[in-house]
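J.: Structure in C-alpha cells, see below.
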Amino acid sequence: MHLLRLVTLGALGALAILPARAWPQRTPLTVERLVATPSLSGTTPVSPTWSPDSRSLAFLWNDRAQAARDLFLVDRDGGALRRLTNAAGGDEAAGPVSGFAWLPDAAALVVVRGGDLWRITLSGTRAERLTQDGGGKSDVAVSPDGRWISFLRDGDLWLLPAAGGAVVRATRVGVPPVGTVPLGTYFRRDVEIGSATWGGDAPAYAWSPDSRTIAVHHVDRRGVRRTGVPYYLGDTAVLNVLRRGMPGDDNEMRRVGLYDVAAGRLSLLDIPEPAVRRIVDYGWSPRGELLIDQESDDAIDRWLFLTDAGGALRTIWHDHRESRIYNAIASTWHPDGRRVVITGDLEDRYRLYAITPGDSVPQALTPARSDVDGGAVPVAATRALYYTSTDPTPRSDTSGASGPAALRSV
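Numbering (our numbering), first residue to last: -16 to 393.
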C-alpha cells in the first residue's frame, strides 16, 4: 500500500513539474460561444426525400456546422455521399438552399436558393436558373406529370412551366400582415395559402395524382382581433400590432380549396365551422379522392371527409370525446388506396386504426399495450404501413394491414 502511494505521488509530482506548454489550453464555454458558428452540436440534416426511383435520398445539411444548408445526395446503400450545391461559393448559384423537389424522372431536382428556382442535375455540375425575380419563394413542388413547378410566394400559389415559360400567379388571395416587425409566431399574412398559426401538419397545398387539381390550405385571419405586442430589441420600443385572439374568441378561418389548373380557378370547399375547427391534414388517394381530417379547436370532436375534384363533401367518420384537452393525431390513405388509416386515442392509448368508407367502426391495427407516435407511412408497392411506437421495437410495419397479428419488426 505504501509503495503504491509513493508511486502515485511520484507520478503526480512529475506531472506537476511538466512545462506549461504540455497542457492544451481549453477554450472557455461562454454564452457567446454557444450561439456562435460553427455550431458546437453541428447542423441537423432536414427534409430527407427519396427520389422517384427510390435509388437516392436527398436532404439539406451543412457538414461544416454552419447555418446555411446545402443540398446533399446519398445512395440507397448509404454510399456515395455528395454535395450538389455550395452555399459558400462565389458564383451566382451560391447561397443556402431553403427547399427542393425531385423531378419525376429522378435525373434532376428543383431547388430554392437566393429567392429563385434552379434546376440541378444529380452530378451537381450543371445548375440552370429558372427564375430571375427573387422574392420569398417556398414550398416548391413538381406536378406528378412533370409539366409544372409550383411554389408559394406573397401568400399565393404560383406555377412555372417545367419546359420553360412565364411564371403564372395561380391564386390572388394573399393579403399582407398587419404587423410591422417581421418576427414571431403571430407575424403572418392576413390571408394566405399556407399553414395555420397553431396546430396541424397540413401541407400548404397538394397536387392531385392526375395533375389537374391542386388542393390548397386557405387561411383567413382578418376576423382575429388586433393585439399590440411591445418589441424592445430595436433602437426604440415599438408597439407591434399582430393578429392574436383572446380566450373565447373565434380563431382564424381554416379552409381547403381546390384549384383547377386548366381553368385557372380556385374554389373553396364548404368546410363546416372553419373558425373553430383546424385542418389536421389532407391528402389525395391514388383514385383522386381527397381526404380531409378536421378537428375542433378544443380537441373534443374529429371528422373525416371525402371529396372528389367536384368539391362535394361527405362525412365518413366522426369521433366525440369530452375528456380531451389536446390530441396528437394524424391520418393518411391505406396502401390499398381505399381505406383510411388514422392515429387516434379512441381507447386508452394512441393506436393506428383503419376506416373503410361506409363502415363507422374503425379497425385497430396496432396493439393496445403501446402508443403510436405520429402518423403511419404507407408503402403502396409492398402494401405495408410503417410507424413509430413506444413498443420495445420502435418501428414496425403492418404487412397486409389486416390487424395486430400481421405486425412484424424491422
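Don't be surprised by glycine CBs; every beta carbon is placed ideally from N, CA and C.
Decide if E235 is buried, meaning its Cβ has at least 16 other Cβ atoms within 10 Å, or exposed.
T.: Taking the sequence shown and counting its residues from 1, one reaches residue 235 at position 252. Under this definition E235 is a buried residue.
J.: So for L(-8), helix, strand or coil by DSSP?
T.: If you number the sequence shown from 1, residue -8 lands on position 9. Low confidence applies here, because L(-8) scores a pLDDT of 32, under 50, leaving its location unreliable and the question unanswered by this model.
J.: Cα separation between R208 and D233?
T.: Looking up residue 208 in the sequence shown gives position 225. Looking up residue 233 in the sequence shown gives position 250. Between R208 and D233, the C-alpha separation is close to 9 Å.
J.: Going straight from the alpha carbon of V224 to that of G240, what length do you get?
T.: Counting from one through the sequence shown, the residue named residue 224 turns up at place 241. Counting from one through the sequence shown, the residue named residue 240 turns up at place 257. Distance between the alpha carbons of V224 and G240: 29 Å.
J.: In its own chain, which residues sit with a C-beta less than 6 Å from the C-beta of A89, not counting the 5 before and 5 after it?
T.: To locate residue 89, count along the sequence shown from 1; it is residue 106. Only S34, P35, D36 meet the Cβ criterion.
J.: What span of residues does the alpha helix (DSSP H) with E15 cover, start to end?
T.: As a position in the sequence shown, residue 15 is number 32, starting the count at 1. 14 to 18 is the span of the alpha helix (DSSP H), which, as asked, contains E15.
J.: Which residue spans inside the stretch 250 to 294 form an unbroken beta strand (DSSP E) run of at least 3?
T.: Listed in chain order, the complete beta strand (DSSP E) runs (minimum 3 residues) inside the stretch 250 to 294 are 260 to 267, 273 to 279, 284 to 290.
J.: Pull up the distance between the alpha-carbon of G61 and that of S39, whole angstroms please.
T.: In the sequence shown, residue 61 corresponds to position 78, counting from 1. In the sequence shown, residue 39 corresponds to position 56, counting from 1. Whole-angstrom Cα-Cα distance: 9 Å.
J.: I'd like the span of the beta strand (DSSP E) that includes I132, first residue to last.
T.: Residue numbering aside, residue 132 sits at position 149 when the sequence shown is read from its first letter. Run containing I132: 131 to 136, per the beta strand (DSSP E) assignment.
J.: Please identify the residue among F83, G320, V14, L335 whose C-alpha is closest to the C-alpha of L289.
T.: Locating residue 289 in the sequence shown gives position 306, counting from the first residue. Out of F83, G320, V14, L335, G320 has the C-alpha closest to the C-alpha of L289.
J.: Tell me the residue span of the beta strand (DSSP E) that contains I312.
T.: Numbered from 1 along the sequence shown, position 329 holds the residue referred to as residue 312. First-last for I312: undefined, no H or E at that position.
J.: Once you ignore the five residues that flank N45 on each side, which residues in its own chain have a CB closer than 8 Å to its CB?
T.: Working through the sequence shown from its first residue, we reach residue 45 at position 62. If we look at N45 and ignore the five residues flanking it on each side, its Cβ neighbours are T26, A51, R52, D53, A70.
J.: Pick out whichever of R297, P340, L296 has its Cα sitting closest to the Cα of H317.
T.: Within the sequence shown, the letter at position 334 stands for residue 317. Of the listed residues, the one whose Cα sits closest to H317 is P340.
J.: Cβ atoms of T114 and L135: under 8 Å apart, would you say?
T.: Along the sequence shown, read from residue 1 onward, the residue named residue 135 stands at position 152. Along the sequence shown, read from residue 1 onward, the residue named residue 114 stands at position 131. No, they are not a contact pair.
J.: Thinking C-beta only, is P87 closer than 8 Å to G129?
T.: Position 146 of the sequence shown, counting from 1, holds the residue named residue 129. Position 104 of the sequence shown, counting from 1, holds the residue named residue 87. Their beta carbons are under 8 Å apart, which means G129 touches P87 by this criterion.
J.: Taking DSSP as the reference, what is the three-state secondary structure of Y405?
T.: Only positions -16 to 393 of the chain appear in this structure, which leaves residue 405 out of reach.
J.: Please state whether DSSP places A(-3) in a helix, a strand or coil.
T.: By one-based count along the sequence shown, residue -3 stands at place 14. Bear in mind that the predicted position of A(-3) carries a pLDDT of just 38, short of 50, making it unreliable; the figure below should be weighed with that in mind. Helix, per DSSP.
J.: Would you identify the three-state DSSP class for P87, choosing helix, strand or coil?
T.: For this step, residue 87 is matched to residue 104 along the sequence shown. Coil at P87, not helix or strand.
J.: Taking the beta carbon of D331 as the centre, do at least 16 other beta carbons fall within 10 Å, making it buried, or is it exposed?
T.: Numbered from 1 along the sequence shown, position 348 holds the residue referred to as residue 331. Exposed, since its Cβ has fewer than 16 Cβ neighbours within 10 Å.
J.: Only counting the same chain, and skipping five residues up and downstream in sequence, which positions put a Cβ closer than 8 Å to that of L17?
T.: As a first step, residue 17 must be located in the sequence shown, where it is residue number 34. Once the five neighbours on either side are set aside, the close Cβ partners of L17 are L23.
J.: In whole angstroms, what is the alpha-carbon distance linking G119 and L166?
T.: Looking up residue 119 in the sequence shown gives position 136. Looking up residue 166 in the sequence shown gives position 183. So the two alpha carbons sit approximately 15 Å from each other.
J.: Return the chain-ordered list of same chain residues with a C-beta closer than 7 Å to the C-beta of G98, the five sequence neighbours on each side being excluded.
T.: As a working mapping, residue 98 is identified with position 115 in the sequence shown. The residues are G117, G118, G119, K120.
J.: Let me know if A110 comes out buried or exposed under the rule of 16 or more other beta-carbons within 10 Å of its beta-carbon.
T.: By 1-based counting over the sequence shown, the position of residue 110 is 127. A110 should be labelled buried.
J.: If you follow the beta strand (DSSP E) that S372 is in, where does it begin and where does it stop?
T.: Position 389 of the sequence shown holds residue 372. First-last of the beta strand (DSSP E) with S372: 367 to 372.
J.: Which residue from W131, D276, R152, A187 puts its Cα closest to that of A146?
T.: On the sequence shown, residue 146 is found 163 positions in, with the first residue counted as 1. Nearest of W131, D276, R152, A187 to A146, Cα basis: W131.
J.: Find out if the Cβ-Cβ distance for the pair R238, H201 is shorter than 8 Å.
T.: Within the sequence shown, the letter at position 255 stands for residue 238. Within the sequence shown, the letter at position 218 stands for residue 201. Taking 8 Å as the Cβ cut-off, R238 and H201 qualify as a contacting pair.
J.: Per DSSP, what kind of secondary structure is M(-16) in: helix, strand or coil?
T.: Mapped onto the sequence shown, residue -16 falls at position 1. Only weak support is given to the placement of M(-16): the predicted model assigns it a pLDDT of 40, under 50, and the value that follows is read from those uncertain coordinates. Three-state result, M(-16): coil.
J.: Who pairs with A337 in a beta bridge, going by DSSP?
T.: Position 354 of the sequence shown, counting from 1, holds the residue named residue 337. Bridge partners of A337: V324, Q346.
J.: Alpha carbon to alpha carbon, how far is I275 from S133? Give it in angstroms, no decimals.
T.: Numbered from 1 along the sequence shown, position 150 holds the residue referred to as residue 133. Numbered from 1 along the sequence shown, position 292 holds the residue referred to as residue 275. Answer to the nearest angstrom: the Cα atoms are 22 Å apart.
J.: Could you check whether L348 and A364 sit closer than 8 Å to each other, using their CB atoms as the reference points?
T.: The residue you call residue 364 lines up with position 381 of the sequence shown. The residue you call residue 348 lines up with position 365 of the sequence shown. The answer is no: Cβ separation not under 8 Å.
J.: What does a CB cutoff of less than 6 Å around W300 pick up in its chain, not counting 5 residues either side in sequence?
T.: One-based indexing of the sequence shown puts residue 300 at position 317. Excluding residues within five positions, the ones whose Cβ falls inside 6 Å are L287, I338.
J.: Going by beta carbon distance, what residues of the same chain come within less than 7 Å of R270, once the five residues before and after it are set aside?
T.: As a first step, residue 270 is located in the sequence shown; it is residue number 287 there, counting from the start. So the list reads G320, once near-sequence residues are dropped.
J.: According to the Cβ coordinates, are Y214 and L140 closer than 8 Å?
T.: Walking along the sequence shown from the start, residue 214 turns up at place 231. Walking along the sequence shown from the start, residue 140 turns up at place 157. No, they are not a contact pair.
J.: Would you mind sorting A19 into buried or exposed? The rule is 16 or more other CB atoms within 10 Å of its CB.
T.: What you label residue 19 is simply residue 36 of the sequence shown in a count that begins at 1. Its Cβ having fewer than 16 others within 10 Å, A19 is exposed.
J.: Indicate whether F55 and R66 have their beta-carbon atoms separated by less than 8 Å.
T.: On the sequence shown, residue 55 is found 72 positions in, with the first residue counted as 1. On the sequence shown, residue 66 is found 83 positions in, with the first residue counted as 1. Yes; because the gap between Cβ atoms is below 8 Å, this pair is in contact.
J.: For a test of the three-state rule: what should DSSP assign to N234, helix, strand or coil?
T.: Here residue 234 refers to the residue found at position 251 when the sequence shown is read from its first residue. Coil at N234, not helix or strand.
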